[in-house]
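Heads up, the thing below is written out as structure tokens.
2 protein chains.
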Amino acid sequence: MTATKSPTVQRNRENKKSFILDTAARLFAEYGYHATSMDMLSEVTELNKGTLYYYYTSKPDILFDICVSKTEKHYRVVSAASKMSDAVEGLNFIIETSINFIVENRDYCRVYYQEDHFFESIFDRNQLAKVRQQQRRFMQNIYTVIENGISSGQFRQIDVKTCGRHIYGIIIGPYRWRDYSLDEGDLIEQAHSLILQGIRKE
Amino acid sequence: MTATKSPTVQRNRENKKSFILDTAARLFAEYGYHATSMDMLSEVTELNKGTLYYYYTSKPDILFDICVSKTEKHYRVVSAASKMSDAVEGLNFIIETSINFIVENRDYCRVYYQEDHFFESIFDRNQLAKVRQQQRRFMQNIYTVIENGISSGQFRQIDVKTCGRHIYGIIIGPYRWRDYSLDEGDLIEQAHSLILQGIRKE
DNA sequence: GTCTATACCGGGATAGAC
DNA sequence: GTCTATCCCGGTATAGAC
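Residue numbers (the numbering used here), protein chains in the order written: chain F, 2 to 203; chain P, 2 to 203.
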């Protein structure tokens, strides 16, 4: 009886956890975190409620896992943008990778953004600190790219924070929309051109 | 004993209702609709729970009132934009009046947008139909203005729906931000210039 | 019109058998 | 690792005195 579990057991455990997580993300996305009960999750997963609590110690823990498990990698990828010499290129990179990420992980992102305002009353101090730090780091990339663009003369003199937040808003926009006809490529293209040129002709 | 109440009584009733509504909006905005209990509302308003139910028949009714009471007038005002001959002017009008409205009714708007996705599981058929129709009408104004701008040659050939939604996203953006240093005028100015020219120099 | 008291249900979480 | 049964709390809403 070793303390650490065998690789196979560990793997199965992770598979089941991620199955629970996917289902929870779907339900939280549709009904909201607070309106989704552990009973519902138990029904939809067809796992007993006791079993759920064997894998996750609490409901907030599930939400936390939804909010950090997928983003970590994406945020690391995006951080490359602030080191690019060309600001337009950096911005494109952020837009492209982020929209792809959102389209591929729609439920997760929906939950994340939807519950964002309420993290303070759901998470404990550690969880909260971790999530908020992640967010700050992500936004910092956008700000830096904008600053670089202003220094290099590619971008206008704009309020960096406000503009950064608007860009962020445009990127995550599609997670809100109930329906959208465009595919990923078009979404990226539209976001890109709006941010860079606006809607005016010329 | 007439069936209709006297003007004074009616007036007091409306005052108290709007006091309840303001408080509820504040709480819903901070903690979310589901996480806010009628007990909390009772405590904060310092009105007995029974009294609350004397003024509002249910919790969903309170949310509904938050979502329609203020917007009705604003949406009517905004509808003028689609009739303006100059598309840029029309767009400005929407941006300006809407940002003013949001800044002035921050809690109400926050609740509205925050719970938007969950209206289906909170409201009854009538309430839902009314709210969704309001929204469609509002968005239609934005779409029309964009179409006008494209026809007149002021705007580029863009996907109207996607662009309209992005513009809407930029307008309501500030309701999300925990803090923002800009005043109304600057918010309008930044939104305006981003939408029209983008961030590129020239 | 405002209060107290309470009905009644559904929520998160756990104990303990298997 | 999975199940049943249950605890206990807090939620919405109401009945009925004042």
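Using N, Cα and C, we set each Cβ at its ideal position, and we do this for glycine too.
| said: Do LEU42/F and THR24/F have their beta-carbon atoms positioned less than 8 Å apart in this structure? | reply: Sequence index remark: in the first sequence, residue 24/F carries index 23 (1-based). Sequence index remark: in the first sequence, residue 42/F carries index 41 (1-based). Taking 8 Å as the Cβ cut-off, THR24/F and LEU42/F qualify as a contacting pair.
| Which stretch, first to last residue, makes up the alpha helix (DSSP H) that contains ALA25/F? | Taking the first sequence and counting its residues from 1, the one referred to as residue 25/F is at position 24. ALA25/F -> alpha helix (DSSP H) spans 8–32.
| said: Out of ILE168/P, ALA36/P, TYR32/P, which one is the CA nearest neighbour of GLY174/F? | reply: Position 173 of the first sequence, counting from 1, holds the residue named residue 174/F. Among ILE168/P, ALA36/P, TYR32/P, the Cα nearest to that of GLY174/F belongs to ILE168/P.
| task | To the nearest angstrom, report how far apart ASN1/F and TYR56/F are at their CA atoms. | result | Residue numbering for chain F in the displayed model covers 2 to 203; residue 1/F lies beyond these limits and cannot be assessed.
| Distance between beta carbons of LYS202/P and PHE156/F, contact taken as under 8 Å | One-based indexing of the first sequence puts residue 156/F at position 155. One-based indexing of the second sequence puts residue 202/P at position 201. Right, their Cβ atoms sit about 6 Å apart.
| query | Since GLN115/F is in the alpha helix (DSSP H), which residue starts that stretch and which ends it? | reply | On the first sequence, position 114 is the one that residue 115/F refers to. Where GLN115/F is concerned, the enclosing alpha helix (DSSP H) stretches over 107–116.
| request: Starting from GLY165/P, trace the alpha helix (DSSP H) both ways and give me its first and last residue. | output: Your numbering for residue 165/P matches position 164 in the second sequence. Unbroken alpha helix (DSSP H) run through GLY165/P: 161–173.
| Cβ pair count under 8 Å reaching 3, the stretch 83–101 of chain F against the stretch 171–190 of chain F | yes
| Between the CA atoms of GLY150/F and GLN158/F - distance to the nearest angstrom | Locating residue 158/F in the first sequence gives position 157, where the first residue counts as 1. Locating residue 150/F in the first sequence gives position 149, where the first residue counts as 1. When rounded, the distance between both Cα atoms is 9 Å.
| Could you check where the alpha helix (DSSP H) with GLY150/F kicks off and where it finishes? | Position 149 of the first sequence, counting from 1, holds the residue named residue 150/F. Note, GLY150/F: alpha helix (DSSP H), 126–152.
| query | Which of helix, strand or coil does DSSP assign to ARG201/P? | reply | The sequence position of residue 201/P within the second sequence is 200, counting from 1. In this structure, ARG201/P counts as strand in the three-state DSSP scheme.
| query | Should ALA81/F be labelled buried (16 or more other beta-carbon atoms within 10 Å of its own) or exposed? | reply | The residue given as residue 81/F occupies position 80 in the first sequence. Flag for ALA81/F reads exposed.
| query | Apart from the five residues on each side of it in sequence, which residues of its chain come closer than 6 Å, Cβ to Cβ, to THR145/P? | reply | For the purposes of this step, residue 145/P is taken as the residue at position 144 of the second sequence. Taken in chain order, the residues that qualify are SER83.
| said: Give me the subset of the stretch 158–180 of chain F whose CB atoms are less than 7 Å from a CB atom of chain P, sorted by chain position. | reply: ILE159, ASP160, THR163, CYS164, ARG166, HIS167, GLY170, ILE171, GLY174, TRP178
| message | I want to see whether chain P comes within less than 8 Å of ALA81/F, judged by CB atoms only; does it? | response | Position 80 of the first sequence, counted from the start, is the residue given in the question as residue 81/F. So no, ALA81/F is outside the interface.
| query | What do you get for THR3/F, buried or exposed, if any count of 16 or more other CB atoms within 10 angstroms of its CB means buried? | reply | By one-based count along the first sequence, residue 3/F stands at place 2. Confidence at THR3/F is low in this model, with a pLDDT of 46, below 50, so the placement of that residue should be treated as unreliable; the coordinate-derived value is given next. So THR3/F ends up on the exposed side.
| query | Among VAL161/P, LYS60/P, ASN16/P, which one has its Cα closest to the Cα of SER122/P? | reply | Residue numbering aside, residue 122/P sits at position 121 when the second sequence is read from its first letter. Of the candidates VAL161/P, LYS60/P, ASN16/P, the one whose C-alpha sits nearest the C-alpha of SER122/P is LYS60/P.
| Which word fits GLU116/F, buried or exposed, when buried means at least 16 other C-beta atoms lie within 10 angstroms of its C-beta? | Position 115 of the first sequence, counted from the first residue, corresponds to residue 116/F. So GLU116/F ends up on the buried side.
| task | Would you kindly report the start and end of the unbroken alpha helix (DSSP H) that includes PHE217/F? | result | A query on residue 217/F cannot be resolved here, the shown segment of chain F reaching from 2 to 203 and no further.
| query | Under a CB-based cut-off of 8 Å, is TYR32/P close to chain F? | reply | Taking the first residue of the second sequence as 1, we reach residue 32/P at position 31. With 8 Å as the cut-off, TYR32/P counts as an interface residue toward chain F.
| query | Taking the C-alpha atoms as reference points, what is the distance between ALA26/F and THR72/F? | reply | Start at 1 with the first residue of the first sequence, and residue 26/F comes out as number 25. Start at 1 with the first residue of the first sequence, and residue 72/F comes out as number 71. Roughly 14 Å separates the two Cα atoms.
| said: Using 8 Å for Cβ pairs, my map puts GLY170/F next to ILE171/P. What's the rounded Cβ distance? | reply: Stepping through the first sequence from its first residue, residue 170/F is reached at position 169. Stepping through the second sequence from its first residue, residue 171/P is reached at position 170. So it is a contact: roughly 6 Å between Cβ atoms.
| said: Counting only beta-carbon separations shorter than 8 Å, does SER214/P have a partner in chain F? | reply: With chain P covering only 2 through 203, there is no way to say anything about residue 214/P.
| said: Give me, in chain order, the residues of the same chain whose beta-carbon lies closer than 6 Å to that of TYR109/F; leave out the 5 immediate sequence neighbours on both sides. | reply: The residue labelled residue 109/F in the question sits at position 108 within the first sequence. Hits under 6 Å: ALA26, ILE67, LYS71.
| field | Endpoints, the alpha helix (DSSP H) within which TYR176/F is located | value | Here residue 176/F is taken as the residue at index 175 of the first sequence, counted from 1. It is not in any alpha helix (DSSP H) - TYR176/F carries neither H nor E in the DSSP assignment.
| query | Counting only beta-carbon atoms, is ILE103/F nearer than 8 Å to chain P? | reply | If you number the first sequence from 1, residue 103/F lands on position 102. Judged by the 8 Å Cβ criterion, ILE103/F is not in contact with chain P.
| Nearest to ARG77/P by CA position, among ALA88/P, ILE63/P, ILE95/P, is which residue? | Your numbering for residue 77/P matches position 76 in the second sequence. Checked all of ALA88/P, ILE63/P, ILE95/P; the closest Cα to ARG77/P is ILE95/P.
| task | Please confirm whether TYR176/F and ARG111/F have their CB atoms less than 8 Å apart. | result | Along the first sequence, read from residue 1 onward, the residue named residue 176/F stands at position 175. Along the first sequence, read from residue 1 onward, the residue named residue 111/F stands at position 110. Contact flag set, yes.
| message | Using a Cβ-Cβ cutoff of 8 Å, what residues of the stretch 190–202 of chain P are near chain F? List them in chain order. | response | GLN191, ALA192, SER194, LEU195, ILE196, LEU197, GLN198, GLY199, ILE200, ARG201, LYS202
| said: Is the beta carbon of ILE200/F closer than 8 Å to that of GLY165/F? | reply: Locating residue 165/F in the first sequence gives position 164, where the first residue counts as 1. Locating residue 200/F in the first sequence gives position 199, where the first residue counts as 1. Their beta carbons are not under 8 Å apart, which means GLY165/F does not touch ILE200/F by this criterion.
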